[in-house]
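Quick notes on the structure that follows.
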Amino acid sequence: MQHKGSNRTYPPAPMSPRLSIYRWHIPMIASIAHRASGMALILFVPFYLWVLHGMTGTPEDFDQAVVLLHSPVGRLALWIADIAVVYHFCNGIRFLTLDAGWCESQQMMRLSARIVLFIALLAALFFGWLLW
Amino acid sequence: MVIRKDTGTAHNGLSDWYWQRLSAVLLLVTLPLPFLLLWGVYSGALNQFALLDLLDHFLSRLFHTLLIIAIVVHAYIGLKTILEDYVHPPMLRVLLIGTMLVAMATAGIWWLALVWAWGG
């Protein structure tokens with residue numbers, strides 16, 4: 007690739023994560039799940055705003071918001087968002103501890119990734135039990 | 467190593483990194499709160515009077531405001547990082563990041579207005 011204003015050639019910039027090159031391993035799954043749960047939480051914001059708008063409106067609006075929360079769509083949204091927030095919260099703490107330089111060895115990173123994924127699984131079961 | 471700079475990629479990685487962590491710490495405290503509210507209403511523990519009493523409190527407005535600012539900062543940097551990784555054509559990337567910023571700012575302002583308006 008030719009860079010503007012220079013006659014040097016540059017290799018194309020590497021794009022991460024290079025899914026087709028790296029072998030799948032647990033910390034990588036934890037990292038991608040962090041992105042996925044973050045996207046799920048962003049998508050949950052409009053839903054939350056809509057429910058909040060209803061809950062702070064007239065008493066009829068409030069009742070409708072409660073009905074929406076109890077509908078299959080509402081329960082599914084709550085379930086996904088609850089799992090996402092538990093996972094993103096725990097793995098976020100994991101990332102902050104890694105930034106602080108704690109538990110950075112390969113074994114510890116694998117272990118902590120397993121732990122946060124396991125907590126997310128427990129959250130899925132727990133909230134599933136609460137909602138259905 | 468030669469770093470090739472492209473339009474719409476992170477020239478400001480350290481600043482992004484710093485704000486992402488700062489907002490993350492703020493969210494550790496504030497993000498669970500709306501989920502508690504939702505569960506309170508879902509379970510029937512909070513009726514509308516109880517909910518509005520909670521939301522009307524000054525601390526509630528303050529926490530909500532902090533939450534909204536932290537979410538917009540955190541979600542913007544997070545999604546921007548994802549777009550930078552997966553969307554390769556520069557023009558499309560700039561367009562998507564710009565659209566996202568406008569959408570998030572709009573949602574944030576609407577949400578703030580909602581938080582400060584209720585209860586009168």
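Taken in order, these protein sequences are the chains called A and B.
Last residue of the first sequence: 138 (my numbering), numbering continuous.
Last residue of the second sequence: 586 (my numbering), numbering continuous.
We treat Cβ as the ideally placed atom computed from N, Cα and C, and that holds for glycine.
Given that a residue counts as buried once 16 or more other Cβ atoms are within 10 Å of its Cβ, and exposed if not, what is Q113(A)? exposed
Can you round the beta-carbon distance between A541(B) and M570(B) to whole angstroms, since I take them to be within the 8 angstroms contact cut? 6 angstroms
To the nearest angstrom, how far is it from the Cα of I121(A) to the Cα of L525(B)? 34 angstroms
For a test of the three-state rule: what should DSSP assign to G586(B), helix, strand or coil? At G586(B) the pLDDT is 47, less than 50, meaning the model places this residue with poor confidence and gives no usable figure here.
Assuming V553(B) contacts L562(B) under a Cβ cut-off of 8 angstroms, what Cβ separation, rounded to an integer in Å, is found between them?
-> 6 angstroms
*asked:* What does the Cβ neighbour count give for G544(B), buried or exposed, with the cut at 16 atoms within 10 Å?
replied: buried
(message) Can you pull the chain A neighbours of I548(B), defined as C-beta to C-beta under 7 angstroms?
(response) R41
How is the alpha helix (DSSP H) around G6(A) delimited, first residue to last?
This structure does not reach residue 6(A), given that chain A is present from 7 up to 138, and the question cannot be answered.
Look at A129(A) and A36(A) and say whether their C-beta atoms are less than 8 angstroms apart. no
Practice prompt. Could you tell me if W577(B) is buried or exposed, where buried requires 16 or more neighbouring beta carbons within 10 angstroms of its beta carbon?
Written response: buried
What is the residue span of the alpha helix (DSSP H) that W30(A) lies within?
-> Premise fails: W30(A) is in no alpha helix (DSSP H) and is neither H nor E.
Checklist line | Same chain, Cβ closer than 8 angstroms to R81(A), neighbours up to 5 away in sequence not counted | finding: L75, L137 and W138
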